[in-house]
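Beneath this line is the structure, given in structure tokens, with notes to follow.
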Amino acid sequence: MLPPGIYLHQLMHHFVGRRSEGEVCDGLSRPEGGPLIWCQVGDGGELPALEDFIRQVVRTRDDLCFLITLPSGHAPWDPPEDLGDVLLSCALPDGGLKSAKQFLDVMRPDLVLWMDQKLDPPLLGLVHQRSIPALWINARAPVSSGGALPWWRGTMRVLASGFDTILAENEAAASVLSRLGVSTGKIRVVGALQRQTHPPSCNMAERDDMAQVLGARPLWLALNTAAEEEAVLVEAHRQVMRKSHRLLLVIVPDDPARAPVLARRLEQDGWVVALRSEDQPPTPEAHIYIADLPEEEGLWMHLSPITFIGHTLSGGGCLSPNAAASLGSAVVFGAALGQDTDAFERLEAAGAARRVASREHLAQEIEYLLQPEHAAQMAMAAWEIITSGAELSGMVEEMVLDLLDKNGL
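When we follow full-length UniProt numbering, the leftmost residue of the sequence shown carries the number 1, and every step to the right adds one.
As structure tokens, this is what we get:
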């Protein structure tokens with residue numbers, strides 16, 4: 001029997017009104033072959049981490065298929081091309097017992113990975129009733145449309161307790177779940193599933209040669225910069241140079257074709273500029289070095305103790321901060337984070353990245369991080385975050401495969 005709160009939720013759903021129920025998952029059918037793992041994702045920002053996790057798991061079990069559901073109204077999402085053979089995607093059934101039953105009858109998932117802070121009463125109630133193995137990943141405090149209604153706490157406790165294991169993001173989340181009445185034996189504080197980070201490579205001989213040219217000169221890197229934010233970066237550099245006269249700014253523009261025009265404009269403003277595509281070295285006299293050769297981002301992240309992530313001031317999509325963090329480069333970023341918001345905020349919370357809101361603020365942070373002990377502290381914090389993410393992915397993979405084995409799948 002389902003918890004009473006689920007029937008109350010169904011009654012609320014009926015009176016509030018609902019959209020007409022169409023075909024489950026737009027008419028998709030359960031794929032033939034091996035086990036199907038259903039992943040419910042509440043926030044599109046978690047999709048990149050889930051995609052990387054799926055790549056990791058299918059290298060071990062290539063017979064697995066994955067169904068990813070997203071909340072109704074979420075922006076359309078297409079699976080990556082390399083996962084097209086193992087991934088399906090559709091909207092989550094809309095709130096009623098009838099559609100929940102139809103969804104589970106059609107898809108018949110063998111395992112559930114719940115990556116949503118909203119616990120759906122009809123769906124999860126049926127999942128637990130049917131004894132489908134389930135893990136709650138990236139768990140925080142459960143939220144739902146029941147709000148503060150007196151029966152809701154009991155429903156949330158039953159739904160949360162039905163998971164085989166709850167992987168809480170932090171101690172605060174674990175404490176909330178424990179106070180809700182979930183057995184502490186089911187809760188493990190492990191952090192959040194993250195995108196897999198592979199430190200960018202570079203030609204190490206070239207890296208050594210450039211390090212010799214630079215010597216002990218202080219520098220900071222502005223990576224994948226947008227034209228709209230370069231004036232802010234340059235003015236922040238000017239401000240820091242008042243105290244650090246030998247400081248070098250390395251700019252890697254988002255479009256190398258812009259580099260010659262950028263160099264001329266900076267020179268007209270009185271800067272001494274060197275352009276890598278013209279074989280100009282970063283001489284001691286140069287203030288700014290424009291690194292405009294393709295596929296050299298790894299070289300500069302290896303060399304620079306500080307990396308500003310471009311497009312985080314202007315918007316328009318930015319690179320993940322994890323690559324720079326994995327190489328021990330202190331990360332600085334603006335407010336426009338795009339799909340990598342979780343990665344930036346995780347590094348920031350751990351003291352491994354610093355957010356800036358203005359030219360003055362950026363200059364202050366660069367000045368702070370030019371002190372070796374401060375950059376070293378951030379590098380250590382970043383390393384812990386990156387390595388813990390890899391360990392967590394391995395642990396979740398092991399849990400998934402163990403649950404499948406226990407159920408003869």
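All C-beta atoms in this analysis are idealised placements derived from N, C-alpha and C, irrespective of residue type, glycine included.
Residue i (DSSP reduced to helix, strand or coil)
{"i": "C25", "result": "helix"}
{"i": "R217", "result": "coil"}
{"i": "residue 435", "result": "As shown, the chain starts at 1 and ends at 409. That puts residue 435 outside it, with no answer to give."}
{"i": "S89", "result": "strand"}
{"i": "K118", "result": "strand"}
{"i": "R355", "result": "strand"}
{"i": "E397", "result": "helix"}
{"i": "Q40", "result": "strand"}
{"i": "T387", "result": "helix"}
{"i": "T341", "result": "helix"}
{"i": "P321", "result": "coil"}
{"i": "A134", "result": "strand"}
{"i": "L223", "result": "strand"}
{"i": "T69", "result": "strand"}
{"i": "A141", "result": "coil"}
{"i": "R18", "result": "In this prediction, R18 scores a pLDDT of 46, lower than 50, which makes its location untrustworthy; the coordinate-derived value is nonetheless stated afterwards. R18 falls in the coil class under three-state DSSP."}
{"i": "A336", "result": "coil"}
{"i": "A49", "result": "helix"}
{"i": "L113", "result": "strand"}
Cβ neighbour criterion (16 or more within 10 Å) applied to residue i
{"i": "N138", "result": "buried"}
{"i": "A49", "result": "buried"}
{"i": "M399", "result": "buried"}
{"i": "Q212", "result": "exposed"}
{"i": "S326", "result": "buried"}
{"i": "Q194", "result": "buried"}
{"i": "E21", "result": "Here E21 scores only 49 on pLDDT, less than 50, and its place in the model should not be relied on; the value that follows carries that caveat. Result: exposed."}
{"i": "S393", "result": "buried"}
{"i": "T307", "result": "buried"}
{"i": "A323", "result": "buried"}
{"i": "R217", "result": "exposed"}
{"i": "M204", "result": "exposed"}
Test item: CB-CB of residue i and residue j under 8 Å
{"i": "A274", "j": "P305", "result": "no"}
{"i": "V240", "j": "A363", "result": "yes"}
{"i": "I352", "j": "A382", "result": "Residue identity check: residue 352 is Ala in the sequence provided, not Ile. Yes, they are a contact pair."}
{"i": "H366", "j": "A231", "result": "According to the sequence shown, residue 366 is Ile rather than His. It is not a contact, given that the beta carbons lie outside the stated cut-off."}
{"i": "A141", "j": "V176", "result": "yes"}
{"i": "L401", "j": "T60", "result": "yes"}
{"i": "L249", "j": "W220", "result": "yes"}
{"i": "D105", "j": "G42", "result": "no"}
{"i": "P76", "j": "L87", "result": "no"}
{"i": "L223", "j": "G298", "result": "no"}
{"i": "R55", "j": "L83", "result": "yes"}
{"i": "E46", "j": "D342", "result": "yes"}
{"i": "F333", "j": "R359", "result": "no"}
{"i": "L409", "j": "D85", "result": "no"}
{"i": "R157", "j": "G181", "result": "yes"}
Top-ranked residue by Cα proximity to residue i, from the options
{"i": "C39", "options": "F53, S175, V356", "result": "F53"}
{"i": "A350", "options": "G191, M156, L97", "result": "G191"}
{"i": "I68", "options": "E285, D62, W114, V57", "result": "W114"}
{"i": "P256", "options": "P282, A134, L83, A227", "result": "A227"}
{"i": "E267", "options": "P199, L193, R140, I288", "result": "I288"}
{"i": "D94", "options": "G84, L293, D120, A363", "result": "D120"}
{"i": "R30", "options": "G125, C90, D254", "result": "C90"}
{"i": "K98", "options": "D110, L123, D116, L392", "result": "L123"}
{"i": "residue 410", "options": "G27, P35, C25", "result": "Not covered by the structure: residue 410. The range shown for the chain is 1 to 409."}
{"i": "I187", "options": "G162, F103, S201", "result": "G162"}
{"i": "S314", "options": "P321, P294, A335, E295", "result": "A335"}
{"i": "G185", "options": "L167, G215, H74", "result": "L167"}
{"i": "R108", "options": "R130, K118, G125, L92", "result": "R130"}
{"i": "M301", "options": "E285, P284, L319", "result": "L319"}
{"i": "L214", "options": "W271, D279, P284", "result": "P284"}
Any non-hydrogen atom of the ligand ZN within 7 Å of residue i CB
{"i": "Q339", "result": "Among the components modelled here there is no ligand, and therefore nothing to report on the ligand ZN."}
Problem set entry | Uninterrupted alpha helix (DSSP H) stretches inside the stretch 166-204 (no shorter than 4 residues) | 171-180
For this session: Go through the stretch 262-307 residue by residue and report every complete run of the beta strand (DSSP E) that reaches 3 residues or more, in order.
Result: 273-275, 288-290
Problem set entry | Complete runs of the beta strand (DSSP E) confined to the stretch 234-258 [at least 3 residues] | 248-253
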